[in-house]
Ligand code: 5GP
Ligand code: MG
Ligand code: MG
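Structure (structure tokens):
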């Protein structure tokens, strides 16, 4: 599938699975005492950012040995399809209040970090008990923006990647691995 379009595999399906297990173990350890011990209101809330984080979110939630509740937000950042501007609009907001809740934002990739920075300010204003971020991928530019990211899967080179939720013009999200696109796709 898409064989001619993929120039190289950056993260294999196995590497994704192993990394998720590793992060899930860390997260479970960190939240064991604060989450899931006092009823449903104490469950960890995962907030997935649509659409890119969907694959990571569903695999991650299933790998986590503590109870979680799944929420989704959709935001659009004004800009081209391959870079963001930091001007963000909420397309779909959370279905419930997160005040007093332990919240973990689940991201596919942090590039400039502009989208995430905006989102963190927005979520923080809702007064959660705690607010952290887990991202599967992070690019070098992300370190320039002041968003503390607690859990990072892979630090990757500054290349445009697709697969495992990440798209180019809405394609390739369904690839089970992460790869770079062949130049012919952009042509
Ligand atoms: P940032 O605001 O951190 O620059 O970018 C955040 C969003 O840009 C990501 O959630 C993702 O949708 C998109 N993005 C950034 N880098 C890539 C990439 O290499 N591939 C794809 N498909 N999307 C990317
Ligand atoms: Mg994202
Ligand atoms: Mg996209």
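Residue numbers (the working numbering): 635 to 821.
Glycine residues also receive a C-beta, built at the ideal position from the N, C-alpha and C atoms.
Notebook entry, point to check: Which one of 780, 819, 793, 817 has the shortest CA to CA distance from residue 645?
Noted result: By one-based count along the chain shown, residue 645 stands at place 11. Measuring from the Cα of residue 645, the nearest candidate turns out to be 793.
Next item on the list: Please go through the same chain and pick out, in chain order, the residues whose beta-carbon is closer than 7 Å to the beta-carbon of residue 695, but skip the five residues on each side of it.
Entry: Against the chain shown, residue 695 aligns to sequence position 61. 680, 702, 704, listed in sequence order.
Check: Span of the beta strand (DSSP E) holding residue 743?
Finding: Residue 743 sits at position 109 when you count from the first residue of the chain shown. Here the beta strand (DSSP E) through residue 743 covers 736-744.
Next item on the list: Give me the Cα-Cα distance between residue 760 and residue 727, rounded to the nearest whole angstrom.
Entry: Taking the first residue of the chain shown as position 1, residue 760 is located at position 126. Taking the first residue of the chain shown as position 1, residue 727 is located at position 93. Taking the straight line from one Cα to the other gives about 12 Å.
Item checked: Touching by the beta-carbon criterion (3+ pairs, under 8 Å), the segment 771-791 and the segment 802-811 -> Contact between the segment 771-791 and the segment 802-811 is absent, because fewer than three Cβ pairs lie under 8 Å.
Notebook entry, point to check: Can we count residue 801 as close to ligand 2, meaning its CB is less than 6 Å from some heavy atom?
Noted result: In the chain shown, residue 801 corresponds to position 167, counting from 1. Checking every heavy atom of ligand 2 against the Cβ of residue 801, none is found closer than 6 Å.
Next item on the list: Have a look at residue 647 and residue 791 and give me their C-alpha separation to the nearest angstrom.
Entry: To locate residue 647, count along the chain shown from 1; it is residue 13. To locate residue 791, count along the chain shown from 1; it is residue 157. For residue 647 and residue 791, the distance between alpha carbons rounds to 18 Å.
Notebook entry, point to check: How many Å lie between residue 755 and residue 765 at the Cα?
Noted result: Indexing the chain shown from 1 puts residue 755 at position 121. Indexing the chain shown from 1 puts residue 765 at position 131. Across the structure, residue 755 and residue 765 are spaced so that their CA atoms are roughly 10 Å apart.
Notebook entry, point to check: Got a sec? Which residues, its chain only, sit under 7 Å from residue 709 by beta carbon, not counting five neighbours each side?
Noted result: If you number the chain shown from 1, residue 709 lands on position 75. Same-chain partners within the cutoff: 683, 722, 723, 724, 725, 749, 753.
Item checked: Cβ pair residue 691, residue 767 closer than 7 Å -> Here residue 691 refers to the residue found at position 57 when the chain shown is read from its first residue. Here residue 767 refers to the residue found at position 133 when the chain shown is read from its first residue. No, the Cβ-Cβ distance between residue 691 and residue 767 is not below 7 Å.
Next item on the list: Kindly provide the ranges of any beta strand (DSSP E) runs that are 3 or more residues long and lie completely inside the segment 724-798, ordered along the chain.
Entry: 736-744, 764-772, 785-789
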